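In the numbering used here, the protein residues as written are 1111 to 1402.
Where a beta carbon is used, it is the ideal one built from N, C-alpha and C, also for glycine.
Source: prediction; values computed, not measured.
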């Protein structure tokens, strides 16, 4: 790292942190997508099928009450009214059945639906037989068949519809558990990555700060030594970044100053020697003059 430029180091450090942030965002989006799919499955399929089954059960219950009332009633207008509404409700049940069958997406659901369809066919067939007996004036026979056969068959038919309701409720519960599981997993992943990002950011900050400040502190020390007049410092730098170039420049400056100072010192010594020789000559000349 010491041979990388400072700007490159900073760029790498920020890039790593940004990459982790992108990972956090990506995992968050992925988990949200998973939650969205689970919610969509729950709301647009299982919940719709549960409501269709509930509507089927409600209409079946309503028609059963009308059937019992029609069998017991001797009023032609009441019978006509009940028969009219029974026909409408039966058509509504058939429509509900078609919608539900179109949404079935598992063998288990198809098996439950087939069982409901079979029970409905048996129930409606027996109900039509009873209504025919009623129309023929066979009141007692119709009432007896209703109590002995139709009521138990209605219970079986009702139970088959409720099995579809139970199945869809279980699927909704599983979807809710899946949503919660995805939520927990996503939260855990984000927390872990956030902690890793913080730790990596702290380590990178420490390394970058250390790689920049240590050479700068050394450069300051060398510059201060030169400023104090000490040109004997041994300056070494093996890096090629900005601080390495600065240390090399300080080394060159220190060498140049040492050369200049050495030259000045040599010149000063030469001048001092010459001055001494001149002084000695002057003294010798003065002595000779006094002797004359």
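Inset, instruction - Give every residue of the same chain whose Cβ lies closer than 8 angstroms to the Cβ of residue 1215, excluding the five residues on either side of it in the sequence, and list them in chain order. - result: 1155
Inset, instruction - Counting only the same chain and skipping the five closest in sequence on each side, list residues whose C-beta sits under 7 angstroms from that of residue 1142. - result: none
Legend entry - Of the residues 1261, 1132 and 1145, the one placed nearest residue 1285, counting alpha carbons only: 1145
Inset, instruction - Report yes if the CB atom of residue 1126 is closer than 8 angstroms to the CB atom of residue 1314, and no otherwise. - result: yes
Inset, instruction - Express the C-alpha separation of residue 1229 and residue 1281 in angstroms, rounding to a whole number. - result: 23 angstroms
Legend entry - Buried versus exposed call for residue 1219 [16 or more other C-beta atoms within 10 Å across all chains shown]: buried
Inset, instruction - List the whole-angstrom C-beta distance separating residue 1237 from residue 1170, where the pair is believed to meet the contact cut-off of C-beta under 8 angstroms. - result: With a Cβ gap of about 11 angstroms, residue 1237 and residue 1170 do not count as contacting.
Legend entry - Neighbourhood of residue 1279 by C-beta, 8 angstroms cutoff - its chain only, sequence neighbours within 5 removed: 1160
Inset, instruction - Give a yes or no on whether the C-beta atoms belonging to residue 1196 and residue 1165 are separated by under 8 angstroms. - result: no
Inset, instruction - Tell whether a beta-carbon distance below 8 angstroms holds between residue 1310 and residue 1336. - result: no
Legend entry - DSSP state of residue 1120 mapped onto helix, strand, coil: helix
Legend entry - Through-space distance from residue 1381 to residue 1374, alpha-carbon basis: 10 angstroms
Legend entry - For residue 1263 and residue 1233, believed in contact at Cβ under 8 angstroms, the rounded distance: 5 angstroms
Legend entry - Contact under 8 angstroms by Cβ, residue 1206 with residue 1162: yes
Inset, instruction - Leaving aside the five residues before and after residue 1342 along the sequence, list all residues of the same chain whose C-beta is less than 7 angstroms from its C-beta, in chain order. - result: none
Legend entry - C-beta contact flag for residue 1288 and residue 1179 at 8 angstroms: no
Legend entry - Start and end residues, alpha helix (DSSP H) containing residue 1174: 1157 to 1182
Legend entry - Range of the contiguous alpha helix (DSSP H) that encloses residue 1205: 1186 to 1213
Legend entry - Distance between residue 1304 and residue 1200 (C-alpha atoms, nearest Å): 59 angstroms
Inset, instruction - Have a look at 1334, 1362, 1213 and 1257 and flag the residue whose alpha-carbon is nearest the alpha-carbon of residue 1152. - result: 1213
Legend entry - Beta-carbon proximity of residue 1252 to residue 1181, cut-off 8 angstroms: yes
Legend entry - Nearest residue (CA-CA) to residue 1330, options 1269, 1307, 1356 and 1306: 1356
Inset, instruction - Starting from residue 1293, follow the alpha helix (DSSP H) in both directions and report where the run begins and ends. - result: 1261 to 1337
Legend entry - C-alpha gap between residue 1269 and residue 1306, whole angstroms: 55 angstroms
Inset, instruction - Pull up the distance between the alpha-carbon of residue 1352 and that of residue 1297, whole angstroms please. - result: 43 angstroms
Legend entry - Distance, residue 1134 Cα to residue 1277 Cα: 37 angstroms
Inset, instruction - Within 10 angstroms of the Cβ of residue 1326, are there 16 or more other Cβ atoms? Answer buried if so, exposed if not. - result: exposed
Legend entry - C-beta atoms of residue 1223 and residue 1211 nearer than 8 angstroms: yes
Inset, instruction - Report the option in 1243, 1246 and 1332 whose CA atom is closest to the CA atom of residue 1358. - result: 1332
Inset, instruction - Can you give me the start and stop residues for the alpha helix (DSSP H) that residue 1250 sits inside? - result: 1249 to 1255
Inset, instruction - Reducing DSSP to helix, strand and coil, say where residue 1365 ends up. - result: helix
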